[in-house]
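Residue numbers (the numbering used here): 15 to 380.
Following: one structure in structure tokens, then a few remarks.
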Ligand code: KG4
Ligand code: ZN
């Protein structure tokens with residue numbers, strides 16, 4: 015009982031897309047457990063997330079995933095201070111599963127409910143890790159949230175006030191990875207496989223042009239790059255090798271790097287390396303410019319694409335105006351520890367939701 019007064023545990027629940035996740039986080043920074051049930055095997059054959067299948071998988075997974083998160087952290091419902099849940103942005107049918115479960119727990123146990131924005135979650139994953147390591151993020155910070163659904167730049171001020179500085183006008187960076195991978199027969203998701211193959215090609219082999227945005231220069235666009243890749247693929251007549259890779263994937267849904275390399279000729283490795291270099295340049299150019307603009311003291315790069323090894327290396331070498339912080343790989347892609355962490359300042363402020371909290375596909379952060 016004494017301990018309960020000192021430390022506060024939040025159960026986080028995240029079901030916005032294709033991962034069913036639950037986690038218990040203590041005092042906003044100590045991750046006691048983090049369980050993620052991936053639906054990759056379900057969506058992989060379709061080359062992308064199928065919303066109806068995602069909702070059904072969340073329904074199957076939510077009870078065992080939450081139970082496991084509580085078990086692994088040796089936490090009973092009585093020991094919780096609140097339940098935090100992603101309210102959006104995301105797939106409405108998927109969000110509803112997490113929201114309904116969270117509300118039911120709060121109703122049954124008399125716990126406060128905290129609604130969390132998924133993007134704020136990605137930012138807090140990094141903030142919490144920095145806190146846990148005793149090297150807190152300095153504010154104002156520039157946050158680049160870069161995932162399958164988002165490529166957004168935010169100014170983050172002390173106390174977690176956000177201002178949107180720029181965002182993609184079409185595809186998100188992760189979506190560009192996924193579409194290019196699908197086009198070339200590398201399956202879904204595209205980011206991890208392109209990331210592993212890119213170091214085997216020449217990043218200067220194909221000269222893709224960088225985009226210049228009319229209006230807000232901090233906005234992004236990746237549809238032109240995707241079309242340029244498509245044109246290059248048609249011009250080089252890659253049909254036969256693409257078909258071979260699709261056959262490989264049908265036989266083995268998780269090929270090793272060596273297997274991919276055996277089915278990927280030099281010119282395609284060069285294409286992947288050049289594509290990845292261009293995406294990284296687009297991201298870091300705008301991150302640097304916006305950090306400069308707001309006088310940032312740190313840069314936070316988070317979301318699924320923040321797992322990219324090439325991006326992490328380039329960020330260290332880019333001469334950015336202030337230190338760049340990335341999440342550890344497990345906290346980069348969707349998880350619930352980041353949701354519980356983001357809820358902690360809201361718990362401290364008593365910022366609770368009631369049971370009318372709705373799933374919001376396009377919930378904005380600023
Ligand atoms: O944050 P996340 O798990 O889900 C969304 O909120 O979208 O991000 C998933 C996205 C996918 O598009 C995936 O291809 C991309 O992140 N991704 C990567 C890497 N790992 C995952 N993109 C580039 N390089 C990676 N290593
Ligand atoms: Zn995400």
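Even glycine gets a Cβ: it sits at the ideal position worked out from N, Cα and C.
Model, not experiment: these values are computed from the prediction.
- Summarising the contact set, residues whose Cβ lies nearer than 5 Å to any heavy atom of the ligand ZN are, in chain order, 161 and 348.
- Residue 46 sits in a strand when the DSSP states are folded into three classes.
- When C-alpha distances from residue 293 are compared across 376, 239 and 138, the shortest belongs to 239.
- The Cβ atoms of residue 273 and residue 262 lie closer than 8 Å to each other.
- Note that the C-beta distance between residue 314 and residue 169 is not below 8 Å.
- Linking residue 289 to residue 95 through their CA atoms gives a straight-line distance of about 46 Å.
- C-alpha of residue 339 to C-alpha of residue 56: approximately 32 Å in a straight line.
- Using a cutoff of 7 Å, the CB of residue 60 does not count as near the ligand KG4, since none of the ligand's heavy atoms is closer than that.
- In this structure, the beta-carbon distance from residue 44 to residue 100 does not fall below 8 Å.
- When secondary structure is reduced to three states using DSSP, residue 176 falls in the strand class.
- Counting only the Cα atoms, residue 232 lies some 10 Å from residue 297.
- Remark: C-beta atoms of residue 310 and residue 336 approach each other more closely than 8 Å.
- When 105, 215, 187 and 270 are compared, the shortest CA-CA separation from residue 164 is found for 187.
- Secondary structure of residue 64 (DSSP, three-state): coil.
- Residue side-chain check: residue 321 places its Cβ nearer than 7 Å to a non-hydrogen atom of the ligand KG4.
- DSSP, read as helix, strand or coil, puts residue 51 in strand.
- Sequence-distant Cβ neighbours of residue 279 in its own chain, meaning closer than 7 Å and more than five residues away, are 255.
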